[in-house]
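Chemist: Every position in the sequence shown, counted from 1, becomes a number in the working numbering once 170 is added.
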Amino acid sequence: MKTSDFYYDLPKELIAQSPLSDRSASRLMHLSLKDGSIEHRHFTDILDYLKEGDCLVINDTKVIPARLYGHKEDTGAVIEILLLKRKENDIWECLVKPGKKARPGAKISFGDGCLKGEIIDVVEEGNRLIKFTYEGIFEEILDRLGEMPLPPYITMKLEDKNRYQTVYAKHEGSAAAPTAGLHFTKELLKQVKEKGVKIAHVTLHVGLGTFRPVKVEDVTEHHMHSEFYVVEPEQAELINQTKKNGGRVISVGTTSCRTLESASGEDGTLKAGSGWTDIFIYPGYHFKMIDGLITNFHLPESTLLMLVSALAGKERIMHAYEEAVKEKYRFFSFGDAMFIE
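(1) If you follow the beta strand (DSSP E) that Asn229 is part of, which residue opens it and which one closes it?
(2) Residue range of the alpha helix (DSSP H) that Glu364 falls in?
(3) How long is the line joining the alpha carbons of Lys186 and Met394, rounded to whole angstroms?
(4) Between which two residues does the alpha helix (DSSP H) containing Met476 stretch?
(5) Quick check on this structure: which residue in Ser279, Leu408, Glu309 has the alpha carbon closest to the alpha carbon of Asp224?
(6) Nearest CA to the CA of Val136: which residue from Gly281, Phe213, Ala276, Ile451?
(7) Restricting to runs no shorter than 3 residues, where is the beta strand (DSSP E) found entirely within the region 287-322?
(8) Apply the 10 Å Cβ neighbour rule to Cys284 and answer buried if 16 or more other Cβ atoms are within range, or exposed otherwise.
(9) Give the secondary structure of Ala236 by DSSP, where H, G and I count as helix, E and B as strand, and everything else as coil.
(10) Can you tell which of Thr355, Ala507, Thr349, Ser279 has the C-alpha that lies nearest to the C-alpha of Val337?
(11) Do Glu431 and Met476 have their C-beta atoms within less than 8 angstroms of each other?
(12) Which partner residues of Ile510 appear in the DSSP bridge assignment?
(13) Given this structure, state the Cα-to-Cα distance separating Val362 from Leu217, to the nearest angstrom.
(14) Looking at Asp461: is its Cβ nearer than 8 angstroms to the Cβ of Arg428?
(15) Name the two residues that bound the continuous alpha helix (DSSP H) containing Arg428.
(16) Identify which residue in Phe280, Phe509, Ser194 has its Cα closest to the Cα of Gly358.
(17) Over the uninterrupted alpha helix (DSSP H) stretch that includes Ala370, give me the two end residues.
(18) For Phe176, does the three-state DSSP call read helix, strand or coil?
(19) Tell me the DSSP bridge mates of Lys255?
(20) Check for me: the beta strand (DSSP E) holding Tyr399 runs from which residue to which?
(21) So His210 and Glu485 are in contact, right, with Cβ under 8 angstroms, and what is the actual spacing, rounded?
(22) What is the DSSP secondary structure of Lys116, counted as helix, strand or coil?
(23) Which same chain residues end up closer than 6 angstroms to Met326 when comparing Cβ atoms and leaving out the 5 residues on each side of it in sequence?
(24) Is DSSP giving His353 helix, strand or coil here?
(25) Starting from Ile451 and walking both ways along the beta strand (DSSP E), at which residues does that stretch end?
(26) Taking DSSP as the reference, what is the three-state secondary structure of Lys221?
(27) Going by CA-CA distance only, name the one from Gly416, Pro181, Leu320 that's closest to Val367.
(28) For Val347 and Val227, which I take to be in contact (beta-carbon distance under 8 angstroms), what is that distance rounded to the nearest angstrom?
(29) Below 8 angstroms between beta carbons: does that hold for His341 and Thr231?
(30) Below 7 angstroms CB to CB, which residues in the same chain sit around Thr439 once its five sequence neighbours on both sides are set aside?
(31) Helix, strand or coil for Glu250 per DSSP?
(32) Helix, strand or coil: how does DSSP classify Glu342 here?
(33) Bridge partners of Val419, per DSSP?
(34) Cβ of Lys172 within 8 angstroms of Cβ of Val389?
(35) Nearest-angstrom Cα distance between Gly343 and Gly281?
(36) Over what stretch of residues does the beta strand (DSSP E) that includes Arg333 continue unbroken?
Okay, structure coming up:
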């Protein structure tokens with residue numbers, strides 16, 4: 171299986187640069203697992219496809235304003251950093267630009283000096299470990315100084331940073347949003363519940379590896395980045411009960427999907443707990459837990475395109491994407507949605 175098998179041609183103008191003013195006003199492509207048929211609808215029509223007894227699984231991670239601009243204390247050179255993972259209390263693994271100037275021992279000042287950082291080590295892929303010092307609460311300082319780390323293909327500035335958060339975002343720790351969830355409003359979630367559909371929460375803190383291109387031609391040689399996940403006992407019980415009762419488990423987004431598949435045993439039972447996952451789902455994978463997936467349209471040759479191809483079949487997905495380009499759907503993080511069931 172080659173990475174190039176997952177290439178498709180996407181006109182630049184179809185990459186959504188900003189979110190719609192109404193979250194749920196996006197379009198929805200419905201792709202049937204039974205016969206591969208495609209329907210073009212609106213996102214609020216998701217209610218027509220969900221059934222009483224189903225369980226919708228959402229990822230309640232919250233994006234932190236992880237992009238910071240500072241300057242080196244000795245030379246005044248501008249440094250841009252992106253917080254990737256908290257290693258311990260005030261030590262974070264970061265992406266630093268320009269990297270050449272960011273050697274261990276370098277000190278960086280942010281804002282009016284209320285936040286300072288010292289590079290203490292260089293780790294895998296050239297990332298840096300930075301120890302931060304500050305007065306007060308780190309999250310509050312970050313909220314004041316940081317910017318939302320939008321994906322590289324979005325070039326417009328985001329006016330309202332809440333639009334890169336889901337309405338149910340709760341646990342801080344992501345460097346990127348679980349974007350399939352951006353389509354839901356509180357009102358729409360209320361209507362989902364009124365239909366007799368349960369809503370379960372899992373947490374997976376999305377890393378920037380989500381956007382990392384697959385650089386090997388043989389798909390099986392690609393190594394996934396690891397991300398931290400949590401499945402609470404009562405949520406695992408809710409999801410397992412749905413399965414026992416003959417209901418469907420519908421994942422909102424690839425991050426919820428990867429969490430469910432990582433935490434499920436071969437017997438199809440979801441286990442509560444937390445840990446790191448580097449699960450890589452590509453065609454040939456046998457799904458243990460999910461029955462359906464709500465997702466956005468993904469980058470050519472990406473691991474996420476491979477994941478949806480594993481669920482629906484590569485030929486069907488590539489045909490659906492051709493159709494989406496023809497029908498001028500909006501692509502990627504702020505784009506339209508697809509429901510595979």
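Yeah, the Cβ is synthetic: ideal placement off N, Cα and C, and Gly gets one too.
Keep in mind that this is a model prediction, so the values were computed, not measured.
Modeler: On the basis of the data shown:
(1) 225-229
(2) 356-364
(3) What sits at residue 186 in the sequence shown is Ala, not Lys. Those two C-alpha atoms are separated by around 26 angstroms.
(4) 473-482
(5) Leu408
(6) Residue 136 falls outside the range modelled here, since the chain spans only 171 to 511, and no answer is possible.
(7) 298-304
(8) exposed
(9) coil
(10) Thr355
(11) no
(12) Leu201, Leu463
(13) 6 angstroms
(14) no
(15) 424-433
(16) With the sequence shown as reference, residue 358 is identified as Leu, and Gly is not the correct amino acid for it. Per the Cα distances, Ser194.
(17) No alpha helix (DSSP H) contains Ala370, which is instead part of the beta strand (DSSP E) from 368-374.
(18) helix
(19) Glu263
(20) 397-401
(21) Not a contact, Cβ separation roughly 20 angstroms.
(22) Nothing can be reported for residue 116, as the shown portion of the chain is limited to 171 through 511.
(23) Gln187, Ser188
(24) helix
(25) Looking at the DSSP string, Ile451 is not in any beta strand (DSSP E), and its letter there is neither H nor E.
(26) coil
(27) Gly416
(28) Position check: residue 347 holds Ala in this sequence, whereas Val was assumed. That belief does not hold up - the Cβ atoms of Ala347 and Val227 are roughly 16 angstroms apart, past 8 angstroms.
(29) yes
(30) Asn410
(31) strand
(32) strand
(33) Cys225
(34) yes
(35) 22 angstroms
(36) Taken as a continuous stretch (DSSP letters only), Arg333 belongs to no beta strand (DSSP E), as it is neither H nor E.
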